[in-house]
Amino acid sequence: MTVKLVSLVATSPDKPEARVDFRDPAMLVRGASDTGKSYIRDCLWYLLGGDKLPKKIPEASGYDLLTLELEADDGKYEVRRAHAGGDSSLIKIRAGNDGESVCEILEEDIGDFLVRHAGAAGKQLLRSRSKRGVVTGGDLRHWFLLSQPAMISEDPTAGPVANATQRIAAFHMFLTGTDDSAIELVKTSKELDRIAGQILGVEEALRRVRADLPDDQTKEEVADALERVDVALGAMTSHYETRASSLKNVRNGILRKIAELQAAEQEQNHSLSMIERFDLLNAKYKSDSERLGATWEGVAMFQALEEVPCPLCGTPPEAQVDPWQLRQGAQDSYRKALKAELEKIVVLRQGLAVALAREHERAARLERAVQDIHAELNELEATEKARVNTTRYEFSGDPKSLAVRRSALSEQLAKFDEEAQLIAELTRLTNAKKQKKIPLSRNIGDAATQVAGHAKRYLHAWGFTSIQSVLLDADACDLILDSRARLDFGAGKRAIFLAALTIAVMEHAVGSGYPHLGFVVIDSPLKSYADPKSREQREVEASTVTDRFYAWLAQWEGSGQLIILENQEIKTESKVLLKPLEFVGDGDDEGRRGFYPGMPKDTDEASA
1 MTVKLVSLVA TSPDKPEARV DFRDPAMLVR GASDTGKSYI RDCLWYLLGG
51 DKLPKKIPEA SGYDLLTLEL EADDGKYEVR RAHAGGDSSL IKIRAGNDGE
101 SVCEILEEDI GDFLVRHAGA AGKQLLRSRS KRGVVTGGDL RHWFLLSQPA
151 MISEDPTAGP VANATQRIAA FHMFLTGTDD SAIELVKTSK ELDRIAGQIL
201 GVEEALRRVR ADLPDDQTKE EVADALERVD VALGAMTSHY ETRASSLKNV
251 RNGILRKIAE LQAAEQEQNH SLSMIERFDL LNAKYKSDSE RLGATWEGVA
301 MFQALEEVPC PLCGTPPEAQ VDPWQLRQGA QDSYRKALKA ELEKIVVLRQ
351 GLAVALAREH ERAARLERAV QDIHAELNEL EATEKARVNT TRYEFSGDPK
401 SLAVRRSALS EQLAKFDEEA QLIAELTRLT NAKKQKKIPL SRNIGDAATQ
451 VAGHAKRYLH AWGFTSIQSV LLDADACDLI LDSRARLDFG AGKRAIFLAA
501 LTIAVMEHAV GSGYPHLGFV VIDSPLKSYA DPKSREQREV EASTVTDRFY
551 AWLAQWEGSG QLIILENQEI KTESKVLLKP LEFVGDGDDE GRRGFYPGMP
601 KDTDEASA
């Protein structure tokens, strides 16, 4: 996955746009000083997530928006950012149904976008010897957007010390395609202080645990005593289970007899209740019979009496009562009714006597059944009691005392185990606190040879054929040429050799499929070498290096997109092939004045 630069545009509400269309695989932006070449690099740095705003030049007045169009494997994107500052906005360009472009604003940060399309998403780099972090957009910008001051700087290529570790880690990622996730970190002073505090805590816990341990017993002795208690408890448990099993049938029989007894007693109570009811009914029948008999005798006595007038008033009987009642037939009918009722009661009492006798027989039978069940139940309970009494004194100790003893021994054994764990933890923390001197070693394989070979090939093509040996110092992220470090050369050669290193890393990484953005922008690789005021010793003429560099650039077909910003003149032959974007400045020549249209004469650009 790589990214290609397509175009850089500055827009204004009332001024013509300033546009630079980048070509692939190589492009040269050439012009005199103060025409805006370095400004292009500054704008790219700013748009791709850098904090530093482009320089405030008069020509930028009125322009409020910078737009960078990019092309990635999954389509085209635009990065927009205001001249005055603020965050970059990332926009994906899609083809609409009507053929027109549709813009979709993405929430993704520009730094995350660059990391993802560089193939470095999820990779871990050392931030320091004690900390790791993900790859950032800054790690990529540092190596792919080289300013003119960086080209001639005498400082290491990794930059300031504060960021050197992560920049070096990113450089090795370009070389090998692997990150630092497997590198063992060195503990920070904060971590060491935390471990020291943990050691104090473990030591205090160890003293507390040892205070509770018995002085006259070892862990093995406590374990043996616990095992003996477990054996005794196990034997008791086994014995009680056996006894319970033997008593199970007896107790089941007792339960059954209790149920039978309850049922028999319930039936017996029901029978006695029925007898009481029958006795009560019989008494009622007897009372009714006596009442009817008395009535019968009263009617008979009434019939035997002679009819006489009232002894007081002499009123005849016919005038005192209903004459119909004095008739002999009415009294006979009443006696017949009484007789019939008496006969009915006699019949009922006979049936009741039979039922009562049967119920008395049933009650007696149930009484015998209850007594028999009581006898069987007493026998079973006696059997149970006898079996329990036979096993009561078979053990010298009781389960409760053994359980208490086992709890105490288990607690002691747990203390011994806790002591062993604390000792192991103390050993681990003590070893962890020992700060080992772990050398930082990254295996880059033959990557250094390949990158150095690419750089040597470029330098020979640019005219430095006298260079016999080119090596890559992976730790310094720099070249060693003929046993001499790059930083030991003059400013002109430092710039050219750094350009060779940067291009070589791109060709190696992109060609191998390792993480890389897929382009580099190099500002003024030739200017310092060709500076007539420089006192640097030149084995190769500056014009020769310039011509051969441009000729090589025109034929660049390596991996990645190469953007060169340069001052030096270009031959017509190379210009025809390379088709550079040239800024003529404020002279009389025709052509584009600079990055912004109509640049005046006194434009002050800090670097060209």
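In the UniProt record's numbering, the protein residues as written are 1 to 608. C-beta atoms are modelled at their ideal positions from N, C-alpha and C, and glycine is treated no differently.
Segment contact flag, the segment 516-530 with the segment 559-570, C-beta cutoff 8 Å, min 3 pairs: yes
G75, enclosing beta strand (DSSP E) - first and last residue: G75 to A82
Pick from A232, R592, P597 and W552 that is closest to M27, judged by C-alpha positions: W552
Helix, strand or coil at A606 [DSSP, three-state]: Here the model assigns A606 a pLDDT of 36, short of 50, so the residue's position is not dependable, and the following value carries that caveat. A606 falls in the coil class under three-state DSSP.
G314 classed as buried or exposed, judged by whether at least 16 other C-beta atoms fall within 10 angstroms: exposed
Counted within 10 angstroms of its Cβ, other Cβ atoms place residue 616 as buried (16 or more) or exposed: This structure cannot speak to residue 616, because the chain is shown only from 1 to 608.
Terminal residues of the alpha helix (DSSP H) in which C43 lies: K37 to L47
Exposure label - C103; buried when at least 16 CB within 10 Å: exposed
Contacting residues, own chain, Cβ-Cβ under 8 Å from F22 (five flanking each side not counted): K4, L5, V6, S7, L8, Q561 and I563
Selected residue, minimal CA-CA separation from S410, among K248, A223, S246 and L312: A223
Of the listed residues A455, V520, T502 and H239, nearest to P399 (C-alpha basis): H239
Beta bridge counterpart(s) of C103 as assigned by DSSP: I93
Own chain partners of R81 with C-beta closer than 6 Å, once the 5 adjacent residues on each side are dropped: L47, L66 and S88
Environment of K579 [buried if 16+ CB atoms lie within 10 Å]: exposed
Exposure label - V505; buried when at least 16 CB within 10 Å: buried
Cβ-Cβ distance between H172 and R593 below 8 Å: no
G490 beta carbon less than 8 Å from that of E541: no
Assigned exposure category for P149 - 16 Cβ within 10 Å defines buried: exposed
Whole-number beta carbon distance between R387 and L281, since they are thought to touch under 8 Å: Not a contact, Cβ separation roughly 52 Å.
Distance, L429 Cα to I199 Cα: 6 Å
Where S528 falls: helix, strand or coil (DSSP): helix
Residue environment, P54, which counts as buried when at least 16 other CB atoms sit within 10 Å: buried
Element boundaries [beta strand (DSSP E), containing R132]: K131 to V134
Exposure of G99, with buried meaning 16 or more beta-carbon neighbours within 10 Å: exposed
Environment of P597 [buried if 16+ CB atoms lie within 10 Å]: exposed
Where V308 falls: helix, strand or coil (DSSP): coil
Among E184, K76 and Q268, the one whose alpha carbon lies nearest that of S101: K76
Contained beta strand (DSSP E) runs [length at least 3] in the segment 171-203, N- to C-terminal order: none
Per DSSP, the bridge partner or partners of V570: In the sequence under discussion, the amino acid at residue 570 is Ile, which differs from the Val named in the question. Answer by DSSP bridge pairing: none, since I570 is not bridged.
Best match in A452, M274 and L206 for proximity to F416 [C-alpha to C-alpha]: L206
DSSP bridge partner residues for R19 (one or two, in chain order): V9
Nearest-angstrom Cα separation, counted from P316 out to P309: 4 Å
Endpoints, beta strand (DSSP E) assigned at R593: Per DSSP, R593 belongs to no beta strand (DSSP E) and is neither H nor E.
Residue burial classification, E71 (beta-carbon count within 10 angstroms, cutoff 16): buried
Exposure label - D73; buried when at least 16 CB within 10 Å: exposed
Counterpart residues of G31 in DSSP-defined beta bridges: F583
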